[in-house]
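Every letter in the sequence shown is one number past the one before it in the UniProt record's numbering, and letter 170, counting from 1, is 170.
For each residue, glycine too, the CB sits at the ideal point set by N, CA and C.
Working notes, beginning with the structure itself.
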Amino acid sequence: MPRELLLQVTPEIAANELLLKDYLSKQIKVSPQEIQHVSILKRSIDARQKAIKINLKVFIYLKGEPFQESKIELPVYKDVSKSQEVIVVGAGPAGLFAALQLVELGLKPIVIERGKDVRGRRRDLKAINREHIVNEDSNYCFGEGGAGTYSDGKLYTRSKKRGDVTRILELLVAFGASEDILVEAHPHIGTNKLPKIIEDIRNKIIEFGGQVLFDTRVTDILLKNNEVEGIVTQNGDTILANKLILATGHSARDIFELLDKKKIFIEAKPFALGVRAEHSQQLIDSIQYSCDYRGEHLPPAPYSIVKQVNGRGMYSFCMCPGGVIAPCATSPGEVVTNGWSPSKRDQATANSGIVIELKLEDFKPFAKFGALAGMEFQKSIEQKAWHLAGRTQKVPAQRMIDFTQNKVSADIPKTSYVPGTTSVEMGQVFPGFLSQILREGFKEFGKSMRGYLTNEAILHAPESRTSSPVRIPRDPITYEHLQIKGLYPCGEGAGYAGGIISAAIDGEKCALMIAETLK
Ligand code: FAD
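Put into structure tokens, the structure is as follows:
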């Protein structure tokens, strides 16, 4: 049996196999040569002290003890080309993992995606960054892989269901992600690595008889006696099936409008809204690691901060160390920010959404839109920001201290946001109460993270697509829509996920629920 050990070592020892073996040999009082292999099971950084430590959980195999490299394999998939068909709308993590699960269960997914395949999307991302052109079907939110494809690929979730999380992480490893994601406390994949993994998932679905249609936008859902019959696409084509997983994400406003128009029950849902702050990565490293230079063994530091301000939670969201701020609008006439990082997180800047939790009562001025009130509130802020910054994909920007002092910044230095920025007093973008909370909150943040409140930090607005402004209610046991038989609202857009992993888990769950009904 291997020996299990929990230990704290320096970053240098954690990064070097020989040094680690040497260290362990002293701990368990054997010679380093007697250690056959060390498996790292968990790794996290403890930056609470000035001398930063790495927490490790390891298995030590001594010479002569049975040890085999374990390889994570894909499940056994079946040929489903002639099986019962299930429509999956949306090829984000929810839709793709639903489709994979359906194949595993012997059902045939027909995945329908409005955007392009993951490689084809790149041209449209370039167009939004360089030419300010927003393609309404292919952008940072829409297209194969969904919203998280060109992201930081953070894979942590607040889900307590560790078994479900591990299964998704293992599937990602089987599709080519580094095994490190199984070990790190805060795993991430990175924009450069995600597309290939997504492509391989799609190819597997097709190899076993599933269908994947790109450039195909669902424009209607066919119903008979409150039961799904199929869908209609933008070309007027119909695809028939009486099971439909709707995994269209938090930005598919046309789908929310369609459901509302068809009187399919949906409800407004609170979400969070704010700005995206950018600091130099070096500054964040120095705050988080209490040092001037983080050295070669520590990763670019992340941060996570939450404060209660005027009775509201204000917190960092989707923080991207060594990352870039991305233009995430899905329609012309609006601007939206979010962030991404490459796998090495080696860009010079650190960005994070800094958002405030909204309440349903905040949507009152939009009450006439009923269940779409939150969505209209969100849209109004994105459109106002577009107007204020000059009606391109430039975003309103302000230095952080200037913002807390209601002062328009005299200049805005170049930031990682490629389309560019316009100096604007942020108070104009948000309703007064939100600006007030943000101003107070940044001062509070500066007290917890010394150096964070600085005029070197640039705020970009708005960070508005934090989660869905609408919930599509479903039965908590069967996952079927409360009113429409055969409709399975799924993932972030339906209000049941808040990130790549939780969306993937929800996709799998919807597929499992459908298989249950067909037994
Ligand atoms: P989505 O990923 O939004 O997928 C929905 C899909 O449905 C899209 O591909 C869309 O094109 C398609 N669709 C919409 N309408 C239609 C229609 N009418 N017909 C056909 N297809 C349609 N999360 C993390 O966990 N970690 C991160 O690091 C991270 N970084 C992010 C960075 C960015 C820039 C963005 C935008 C998001 C990030 N997120 C991150 C959030 C994460 O991407 C989402 O939580 C996740 O993708 C939700 O998955 P989903 O499958 O529910 O929806």
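Assigned secondary structure, residue i (DSSP; H/G/I helix, E/B strand, else coil)
i: Glu492; result: coil
i: Asp362; result: helix
i: Glu267; result: strand
i: Ala367; result: helix
i: Cys291; result: coil
i: Gln378; result: helix
i: Leu107; result: coil
i: Leu298; result: coil
i: Thr466; result: coil
i: Gly230; result: strand
i: Pro419; result: coil
i: Lys407; result: coil
i: Glu480; result: coil
i: Lys224; result: strand
i: Leu453; result: coil
i: Met426; result: helix
i: Lys485; result: strand
i: Ile189; result: coil
i: Ser316; result: strand
i: Pro396; result: strand
i: Lys344; result: coil
i: Ser280; result: strand
i: His460; result: strand
i: Lys414; result: coil
i: Lys384; result: helix
i: Ala272; result: strand
Near the ligand FAD: residue i beta-carbon under 7 Å from a heavy atom
i: Thr10; result: no
i: Asp254; result: yes
i: Thr248; result: yes
i: Ile505; result: no
i: Phe433; result: no
i: Ala94; result: yes
i: Trp386; result: no
i: Asp362; result: no
i: Ser151; result: yes
i: Ser251; result: yes
i: Val228; result: no
i: Gly498; result: yes
i: Glu278; result: no
i: Lys154; result: yes
i: Glu65; result: no
i: Tyr488; result: no
i: Gly295; result: no
i: Val324; result: no
i: Asn235; result: no
i: Ala91; result: yes
i: Tyr479; result: no
i: Val165; result: no
i: Gly274; result: no
i: Glu257; result: no
i: Arg3; result: no
i: Asn351; result: no
i: Tyr140; result: yes
i: Val470; result: no
Endpoints, beta strand (DSSP E) assigned at residue i
i: Thr404; result: Not the beta strand (DSSP E): Thr404 falls in the alpha helix (DSSP H), residues Met400 to Thr404.
i: Ala15; result: Element bounds for Ala15: n/a, residue is neither H nor E.
i: Arg474; result: Run containing Arg474: none; DSSP gives neither H nor E here.
i: Met1; result: Run containing Met1: none; DSSP gives neither H nor E here.
i: Ala350; result: Thr349 to Glu357
i: Ile239; result: Thr238 to Leu240
i: Ile245; result: Leu244 to Leu246
i: Leu213; result: Gln211 to Leu213
i: Val309; result: Val306 to Val309
Range covered by the alpha helix (DSSP H) that runs through residue i
i: Ser178; result: Neither: Ser178 is in no alpha helix (DSSP H) and is coded neither H nor E.
i: Ala326; result: That residue, Ala326, is in no alpha helix (DSSP H); its beta strand (DSSP E) goes Val324 to Pro327.
i: Pro195; result: Leu194 to Glu207
i: Thr517; result: Ile500 to Thr517
i: Arg253; result: Arg253 to Lys261
i: Phe442; result: Gly432 to Ser448
Min CB distance residue i to chain B below 8 Å
i: Glu207; result: As a matter of chain content, chain B is missing from the structure shown, which is built from one protein chain.
Check: residue i C-beta below 7 Å from any heavy atom of the ligand SAM
i: Tyr61; result: Here the bound small molecules are the ligand FAD; the ligand SAM is not part of this structure.
**OP:** Output the residue ranges of the beta strand (DSSP E) runs that lie fully inside the stretch 20-94 and measure 3 residues or longer, sorted by chain position.
**Re:** 35-46, 53-62 and 85-89
Original post:
Residue ranges of each beta strand (DSSP E) run of no fewer than 3 residues wholly in the stretch 108-184, ordered along the chain?
Top reply: 108-112
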